[in-house]
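Below is one structure, written out as structure tokens; comments come after it.
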Amino acid sequence: MNPQAKLIFTISLLLGTTITISSNHWIMAWAGLEINTLAILPMISKSHHPRAIEAATKYFLTQATASALVLFSSMTNAWYTGQWDITQLTHPTSCLILTSAIAMKLGLVPFHFWFPEVLQGSPLITGLLLSTMMKFPPITLLFMTSPSLNSTLLTWMALLSAALGGWMGLNQTQVRKILAFSSISHLGWMAIIITYNPKLTLLNFYLYALMTATVFLTLNSIKASKLSVLMTTWTKIPPLSATLLLTLLSLAGLPPLTGFLPKWLIIQELTKQNMAVAATMISLLSLLSLFFYLRLAYCATITLPPHTTNHMKQWHTNKPTSALIAVLTTMSIMLLPISPLLSSIT
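In our numbering, the protein residues as written are 44 to 389.
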């Protein structure tokens with residue numbers, strides 16, 4: 044892609060995100076979401092491969108539908124209450140439509156079918172943007188409207204997301220699809236707590252974005268997009284493969300790594316809200332995700348391929364790993380000790 048074009052699309056992404064997260068009026072928030080959608084489309088389809096074009100088409104159709112529903116819910120609310128302010132979304136029908144629209148934008152169950160396909164058709168760096176930055180504006184809209192949302196509906200959507208994200212990721216061999224189902228599962232954790240403690244949702248999102256960025260940048264560095272390729276990359280940069288193991292376990296939420304922190308705080312908050320059953324269910328469902336994280340980690344570091352693959356062994360390179368990956372990996376593994384500070388903030 045032309046560097047000038049890439050610069051324009053990147054600035055547009057930042058602009059769209061900034062407009063949405065800083066706006067109080069529904070029309071401005073909608074405009075920011077549209078700028079975001081239009082800026083990411085060329086980045087998805089830049090390879091001109093049929094799968095990339097298909098991914099861009101699916102992404103455009105789902106995001107356009109979701110944006111139309113956002114506009115429809117805000118107009119319905121304005122019709123009944125006379126309010127265009129985002130925090131004044133009080134009409135029950137508008138809240139229901141908005142929940143559906145944001146679920147479609149994020150890829151929450153039952154509107155999740157587009158996300159694995161789009162991520163599979165995108166390059167790894169674009170996949171990173173789709174998994175993290177593109178989800179930030181919808182999460183902020185949920186954050187601002189959280190007092191009005193239906194907590195029962197969101198709890199059921201969250202449990203289904205954790206279940207399907209775990210089940211459907213079990214049988215995958217493509218790394219990007221595994222990370223897509225991982226994202227759906229993590230969104231379940233964010234959705235279940237949004238009406239009770241919205242700050243915890245944002246904390247969960249920030250830590251999820253940090254760990255996912257580490258995994259995507261590591262995979263991009265070792266050029267691995269399938270499990271069969273991942274099995275042969277241990278010879279390329281051994282220390283990076285070892286830290287990838289720890290980052291994946293952190294993403295799974297195992298103590299004493301960073302990923303355990305949001306799950307611990309969310310389970311604690313759900314118990315305080317007399318939702319011990321929901322906390323138990325979502326904790327058990329996250330074990331499904333743990334299985335495919337362990338599978339990825341096993342393929343990346345612990346095992347040699349037991350069979351002859353179609354991929355050549357990678358040469359060991361002395362190319363230095365970028366400092367960004369080193370910093371992100373350290374944060375993805377070692378932030379648990381500052382949990383008292385974070386819990387006092389939230």
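Glycine is no exception: its CB is placed at the ideal position from the N, C-alpha and C atoms.
Let me know if residue i comes out buried or exposed under the rule of 16 or more other beta-carbons within 10 Å of its beta-carbon.
| i | result |
| --- | --- |
| I51 | exposed |
| A98 | buried |
| M44 | exposed |
| H155 | buried |
| S225 | buried |
| P241 | buried |
| I236 | buried |
| P281 | exposed |
| Q106 | buried |
| L230 | buried |
| I221 | buried |
| T195 | exposed |
| Y205 | Note that residue 205 corresponds to Ala in the displayed sequence, not to Tyr. When all chains shown are included, A205 counts as buried. |
| I227 | buried |
| F334 | exposed |
| P159 | buried |
| L327 | exposed |
| L192 | buried |
Closest to residue i by C-alpha separation, out of the options, would be which residue?
| i | options | result |
| --- | --- | --- |
| G164 | P85, L304 and P380 | P85 |
| T255 | A366, F154 and I168 | I168 |
| T53 | N79, I237, G75 and A285 | N79 |
| T136 | I309, A319, A206 and A121 | A121 |
| L245 | M211, A295, I64 and M44 | I64 |
| L283 | Y102, V258 and G296 | V258 |
| K101 | V161, S116, H155 and K49 | V161 |
| S271 | S375, P380, A144 and Q217 | Q217 |
| L287 | A252, A369 and A206 | A369 |
| T119 | L141, F103 and A107 | L141 |
| L371 | W307, T290, R338 and L327 | T290 |
| S386 | L273, L330, F103 and I309 | I309 |
| L81 | I129, F103 and H68 | F103 |
| A321 | I129, T261, L56 and L197 | L197 |
| K178 | A144, N193, W199 and I70 | A144 |
| W127 | H68, L112 and I83 | H68 |
| G212 | I70, A111, L185 and R338 | R338 |
| S382 | T60, N247, A223 and K266 | N247 |
| L185 | A267, L243, W210 and Q311 | L243 |
DSSP three-state label for residue i, please.
| i | result |
| --- | --- |
| Q163 | helix |
| M126 | Here the sequence assigns Gln to residue 126, which means Met is not the residue at that position. Three-state DSSP puts Q126 in coil, outside helix and strand. |
| K279 | coil |
| K269 | strand |
| Q217 | strand |
| H155 | coil |
| H229 | helix |
Rounded to the nearest angstrom, what separates residue i and residue j at their Cα positions?
| i | j | result |
| --- | --- | --- |
| R219 | T278 | 22 Å |
| A109 | P180 | 13 Å |
| T314 | M233 | 16 Å |
| Q316 | G208 | 25 Å |
| L384 | L378 | 11 Å |
| T124 | H134 | 8 Å |
| H390 | T344 | No statement about residue 390 is possible, as the shown extent of the chain runs from 44 to 389 and does not include it. |
| Q215 | S332 | 12 Å |
| A340 | L132 | 44 Å |
| A72 | S66 | 6 Å |
| A146 | V152 | 7 Å |
| S375 | I62 | 29 Å |
| F303 | I182 | 21 Å |
| Y249 | A366 | 20 Å |
| I96 | A319 | 45 Å |
| S293 | Y251 | 10 Å |
| S264 | M274 | 15 Å |
| L58 | G75 | 7 Å |
| I87 | K49 | 12 Å |
| P305 | Y239 | 14 Å |
| L173 | C342 | 25 Å |
| L139 | S189 | 12 Å |
| L300 | Y336 | 14 Å |
| L114 | L171 | 27 Å |
| A295 | S329 | 8 Å |
| S55 | T130 | 26 Å |
| P298 | W307 | 9 Å |
| M324 | L253 | 26 Å |
| T261 | T276 | 11 Å |
| M187 | R94 | 36 Å |
| Q311 | P166 | 38 Å |
Q: Would you list, in sequence order, the uninterrupted alpha helix (DSSP H) runs of no fewer than 4 residues that lie entirely inside the stretch 71-158?
A: Assignment of alpha helix (DSSP H) within the stretch 71-158, counting only whole runs of 4 or more residues, yields 93-124 and 135-149 in chain order.
Q) Could you give the uninterrupted runs of the alpha helix (DSSP H) lying entirely in the stretch 161-196, keeping only those of 4 residues or more? A) Fully enclosed alpha helix (DSSP H) runs of 4 or longer: 167-174 and 179-188.
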